[in-house]
Amino acid sequence: MNSVRTPRFRVAIVEDHRLQRLRTEELLNSAGLELVFSGETALEFLEWSRSVTRNERPHLLVLDLMVDRQPNVDVELVRKLLEAGLRIVVLSALASPSLVQSMIKVGVSAIVGKRDSEEAILAAVRAALRGEEWMSPELAAFIAGDSTRPKLSVQEERALLLYASGLKLQQVGDAMNISKETAKQYLDRTRKKYAASGVTLKTQLDFGRVAWREGLIEP
């Protein structure tokens, strides 16, 4: 708990369901975090963040991806927020695995489902504040849409998506803000996990075929 209290991190919440939002506020406050914004939509958050000084903006955003009777959160908006240095924890009902996959691809490193425990939500928040990834094995299987699929870490999942999309190793590393060698390590781990389940991944085309078959990318 002390890891999130010193220094005191500022957090924001975007959640359109009032009861869920209020309980998330209570949860984050109980963890010693400073709540600086709580609202219904990402656009409301964006407008607010433009109206305050840099020192008033949050270090982390807890973000629901889907809003009733409104468009889903825009992936490009999330990309820009991440590039600006904001850490993001996706807290979602996960009605759209493809949307969650898109968030992984642009760089969101912590994802938690609304059916997960409150302890899991706090674990995801703490991991994101430390600059680490977080995803439960059950959530990873749900996103993949296949319980028999190899369980990949968030970084392995992201490397798979980027490489399968046609990027070269150096471009994968650049997109993930890691070295080419580290990107290769993630892909090698992915190869081994798929090999253990009887699937051979030798070439980039193999990665593309698997990602397409599993619905991770468009053909």
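Residue numbers for the sequence shown follow our numbering, beginning at 1 and rising by one. Virtual Cβ for every residue (Gly too), placed ideally from N, Cα, C.
Query, Result
"Residue ranges of each beta strand (DSSP E) run of no fewer than 3 residues wholly in the region 85-141, ordered along the chain?", "87-92 and 110-113"
"What is the rounded straight-line gap between the Cα of Leu122 and the Cα of Lys184?", "31 Å"
"Given a cut-off of 7 Å, decide if Leu33 and Phe9 are closer than it, judged by their beta-carbon atoms.", "yes"
"Does DSSP put Gly166 in a helix, in a strand, or in coil?", "coil"
"Hey, Ala110 and Val78: beta-carbon distance below 7 Å or not?", "no"
"Tell me which same chain residues have a C-beta within less than 6 Å of the C-beta of Lys80, skipping the five on either side of it?", "none"
"How would you label Gly166, buried or exposed, when you count the other beta carbons within 10 angstroms and need 16 or more for buried?", "exposed"
"Using only the alpha-carbon positions, how far apart do Pro71 and Leu43 sit?", "11 Å"
"Find the nearest neighbour of Arg115 within the set Phe37, Val172 and Ser136, judged by alpha-carbon distance.", "Ser136"
"In this structure, how does DSSP classify Glu34 when only helix, strand and coil are distinguished?", "strand"
"Might you give, ordered along the chain, the residues of its own chain that have their beta carbon closer than 6 Å to the beta carbon of Ala175, omitting 5 neighbours on each side?", "Leu162"
"Pick helix, strand or coil for Gly208, following the three-state DSSP scheme.", "helix"
"Where are the beta strand (DSSP E) runs, 3 residues long or more, that stay fully inside the region 43-76, in chain order?", "60-63"
"With a Cβ-Cβ cutoff of 7 Å, do Val62 and Leu91 count as a contact?", "yes"
"Along the beta strand (DSSP E) that carries Arg10, what are the first and last residues, could you check?", "Arg10 to Val14"
"Quick one: using the 10 Å Cβ neighbour count with 16 as the cut-off for buried, is Leu152 buried or exposed?", "buried"
"Spell out the partners DSSP gives Gly39 in its beta bridges.", "Val14"
"Quick one: using the 10 Å Cβ neighbour count with 16 as the cut-off for buried, is Thr24 buried or exposed?", "buried"
"When the Cα of Val154 is compared with those of Tyr186, Thr53 and Asp206, which residue comes out closest?", "Tyr186"
"Does the beta-carbon of Arg5 have 16 or more other beta-carbons within 10 angstroms, so that it is buried, or is it exposed?", "Reliability fails at Arg5, whose pLDDT of 44 lies under 50, so the model's placement of it is uncertain and the value that follows must be treated cautiously. Flag for Arg5 reads exposed."
"Would you mind working out which of Gly39, Leu99 and Ser38 sits nearest Leu65, comparing C-alpha positions?", "Leu99"
"Determine the burial state of Ser3: buried for a count of at least 16 other Cβ atoms within 10 Å of its Cβ, exposed for fewer.", "The predicted position of Ser3 is uncertain, since its pLDDT is 47 and thus under 50; no value can be drawn from it."
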